[in-house]
Amino acid sequence: MENFDKDLRSIQQARDLARLGKVAADKIADYTEEQIDKILRNMVRVAEENAVCLAQMAVEETGFGKVEDKTFKNHLAATILYNSIKDMKTIGVINEDKENKLIELAEPVGLVMGIVPSTNPTSTAIFKAMISIKSRNAIVFAPHPAAAKCTIKAVELMRDAAIEAGAPENIISAVTIPTIGATNELMKSKEVAIIIATGGPGMVKAAYSSGTPAIGVGAGNSPAYIERTADVEKAVKNIIASKTFDNGTICASEQSIICEECNHDLVVAEFKKQGGYFMTEEETEKVCKLLFKKGNAMNAKFVGRSPQVIASAAGFTIPAGTKVLIGRQNGVGEGYPLSFEKLTTVLGFYTVKDWHEACELSIQLLQNGIGHTMSIHTEDRDMVMKFARKPASRILVNTGGTQGGTGASTGLNPSFTLGCGTWGGSSVSENVTPKHLMNIKRVAYGIKDCTNLASNDPTFNCIKTAENCHGVQNQFMNMSPAQIAAAAEVLNKANNCAENTNTCTECSSENTKNEELLDLVNQIVAAMKGAN
Numbered sequence: 001m002e003n004f005d006k007d008l009r010s011i012q013q014a015r016d017l018a019r020l021g022k023v024a025a026d027k028i029a030d031y032t033e034e035q036i037d038k039i040l041r042n043m044v045r046v047a048e049e050n051a052v053c054l055a056q057m058a059v060e061e062t063g064f065g066k067v068e069d070k071t072f073k074n075h076l077a078a079t080i081l082y083n084s085i086k087d088m089k090t091i092g093v094i095n096e097d098k099e100n101k102l103i104e105l106a107e108p109v110g111l112v113m114g115i116v117p118s119t120n121p122t123s124t125a126i127f128k129a130m131i132s133i134k135s136r137n138a139i140v141f142a143p144h145p146a147a148a149k150c151t152i153k154a155v156e157l158m159r160d161a162a163i164e165a166g167a168p169e170n171i172i173s174a175v176t177i178p179t180i181g182a183t184n185e186l187m188k189s190k191e192v193a194i195i196i197a198t199g200g201p202g203m204v205k206a207a208y209s210s211g212t213p214a215i216g217v218g219a220g221n222s223p224a225y226i227e228r229t230a231d232v233e234k235a236v237k238n239i240i241a242s243k244t245f246d247n248g249t250i251c252a253s254e255q256s257i258i259c260e261e262c263n264h265d266l267v268v269a270e271f272k273k274q275g276g277y278f279m280t281e282e283e284t285e286k287v288c289k290l291l292f293k294k295g296n297a298m299n300a301k302f303v304g305r306s307p308q309v310i311a312s313a314a315g316f317t318i319p320a321g322t323k324v325l326i327g328r329q330n331g332v333g334e335g336y337p338l339s340f341e342k343l344t345t346v347l348g349f350y351t352v353k354d355w356h357e358a359c360e361l362s363i364q365l366l367q368n369g370i371g372h373t374m375s376i377h378t379e380d381r382d383m384v385m386k387f388a389r390k391p392a393s394r395i396l397v398n399t400g401g402t403q404g405g406t407g408a409s410t411g412l413n414p415s416f417t418l419g420c421g422t423w424g425g426s427s428v429s430e431n432v433t434p435k436h437l438m439n440i441k442r443v444a445y446g447i448k449d450c451t452n453l454a455s456n457d458p459t460f461n462c463i464k465t466a467e468n469c470h471g472v473q474n475q476f477m478n479m480s481p482a483q484i485a486a487a488a489e490v491l492n493k494a495n496n497c498a499e500n501t502n503t504c505t506e507c508s509s510e511n512t513k514n515e516e517l518l519d520l521v522n523q524i525v526a527a528m529k530g531a532n
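1 is the number of the first residue of the sequence shown in the UniProt record's numbering; add one for each residue after it.
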């Protein structure tokens, strides 16, 4: 293998790992709850012991984010996640409906493929390994080339911890020669049962196009609306805490702020007080040229960077203690770069007249990250429900987008894979958990007699109608042409009389002469209407 080119070696490694992973998946499928929990607890222990060093490796390798925040993300992916899923039923009978005689049983999917982004490499690896083991699956990772070393280290730690606690060999693995070819090979591998794709739009689209079942998550572009009843000081504090967490690398973080004319001055003053720097029009233009190089795709060089680094590169100075850079925008889409996703410490800023305009603006902004997340800060529950109609899978209220979207500060399931629903081209619209990596079988007992369902159903009258029509048809077939013509004439005159309020003696006399024919016509009409 040493003499082969890198891409060929990586493809062969991917094939080998897929085959070995499938063997491990078959073995762990028979594990008990006690065995699985023992493995998970050991993985949590090892993840916590190495949380800081993994965070340091990630920052050093990628240049994105902050060590302290990546450490907490590792903690979220380990301890916080474990506490939320430890009592989740993922083996055997997981639900029983005694009234309807239904039993649901969980089965593992098999070998999972995990695609890991460069923005959250170690935490995503820990997270996906944990939910895979919880649902009795094996997993093989395709690291992002820009975060390969730290991702592989996290995977190795999780693998060793799992095996130490009794998991099969090769239960958790990663391609150590990351290439596009290796990733494509895994995505199309017959051994892989499902793909969890967390990454750029291109990678997610490739996963869905691979022919293998996939759970992909799209980009975010979360607007944060500070409504007139909001506690502005608290709202700004939450937004800054979210946007500065790991320097804005979480896709649920706020991308644009929307305030109203009536609270504009208060919002601006509060942002300035808490470390927000409002850029001039010229400074905003300079920053936009740095952040976006090719269309609306962000320049990776400035992902997860501090405002000091960005301002320095743009050629202007900012006050000491600045936490976020804010640029005013007057529109959405082409010509307004800050209306797009910015996974760094930069925010767009909009002012509207009222909630109606905020509503329309939110929808426009969400088109560039549709289905993901939006935030609203308000004390008006009716306003919350109005904005709950927006095309976002997570409507976060009075909390930061980063912490709220990942489930750290809300009741949402802790997760680093946030579904965007069909709006965003995803197969799920919720935070991904172990339940998304299970096949659920249903045992269903018969509770009705299947031999006479139609005749015993009071809401089903087609049989009665058919019988009526059949009986009338027999009578109709025995009539002469003259009788049929006479019946039609009687029916026509009867209809004319019904429209005339005066007494029609002619029709009355004719009806008397043709009572049998009229009765037959009425039977035909009744049968056609399905009457008794």
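Built from N, CA and C at the ideal position, the CB exists for glycine as well. Here the structure is a predicted model, which means the values were calculated and not measured.
Any contact between the segment 34 to 41 and the segment 82 to 94? By contact I mean 3 or more CB pairs, one from each, below 8 Å. yes
Close beta carbons around Thr79, own chain, < 7 Å, minus the five adjacent residues each side: Val44 and Glu48
Grab me the residues of Lys101's own chain with a C-beta within less than 6 Å of its C-beta, minus the 5 sequence neighbours each way, in chain order. So the list reads Tyr445 and Ile447, once near-sequence residues are dropped.
Residues in its own chain within less than 6 Å of Ile239 by CB, not counting five upstream and five downstream? Ala224 and Glu254
Whose CA, out of Thr322, Val204 and Leu361, lies closest to the CA of Ile258? Leu361
According to DSSP, is His75 helix, strand or coil? helix
Alpha carbon of Val384 to alpha carbon of Met187, nearest angstrom: Straight across, the Cα-Cα distance linking Val384 with Met187 is about 40 Å.
The beta strand (DSSP E) that contains Ala193, what's its start and end? Val192 to Thr198
According to DSSP, simplified to helix, strand and coil, what is Asn95? strand
Inter-residue Cα distance where the pair is Leu105 and Ala392: 31 Å
Quick check on the DSSP output: the beta strand (DSSP E) that includes Cys259 runs from which residue to which? Its beta strand (DSSP E) spans residues Glu254 to Glu260.
Using CA atoms only, rank isn't needed, just tell me which of Asn456, Gln403 and Met130 is closest to Asp69. Gln403
Can you give me the C-alpha to C-alpha distance between Val268 and Lys22, rounded to a whole angstrom? So the two alpha carbons sit approximately 56 Å from each other.
Assuming the contact rule is C-beta atoms closer than 8 Å, Lys162 and Ile133 should be a hit. Round their C-beta distance to whole Å, please. The amino acid occupying residue 162 in the given sequence is Ala; Lys does not appear at that position. With a Cβ gap of about 6 Å, Ala162 and Ile133 count as contacting.
First through last residue of the alpha helix (DSSP H) which encompasses Pro307: Pro307 to Ala314
For a test of the three-state rule: what should DSSP assign to Lys441, helix, strand or coil? strand
Residue range of the beta strand (DSSP E) that Glu104 falls in? Leu102 to Pro108
Out of Lys205, Asn42 and Ile115, state which residue places its alpha-carbon closest to the alpha-carbon of Asp160. When only C-alpha atoms are compared, the closest one is Asn42.
Can you name the residues that DSSP bridges to Gly348? Ser256 and Gly327
For a test of the three-state rule: what should DSSP assign to Leu453, helix, strand or coil? coil
Give me the Cα-Cα distance between Ile91 and Ile139, rounded to the nearest whole angstrom. 18 Å
Taking the alpha helix (DSSP H) that Ser132 falls in, what are its first and last residues? Pro121 to Lys134
Would you report the Cα separation of Ala55 and Thr151, rounded to the nearest angstrom? 10 Å
In angstroms with no decimal places, state the Cα-to-Cα distance between Ala531 and Pro458. Any reading at Ala531 is ruled out, since the residue's pLDDT is 46, under 50, leaving its predicted position unreliable.
Please classify Gln13 as buried or exposed, where buried requires at least 16 neighbouring CB atoms within 10 angstroms. buried
Taking the alpha carbon of Ser306 as the reference point, which residue from Thr345, Ile318 and Leu17 has its own alpha carbon closest? Thr345
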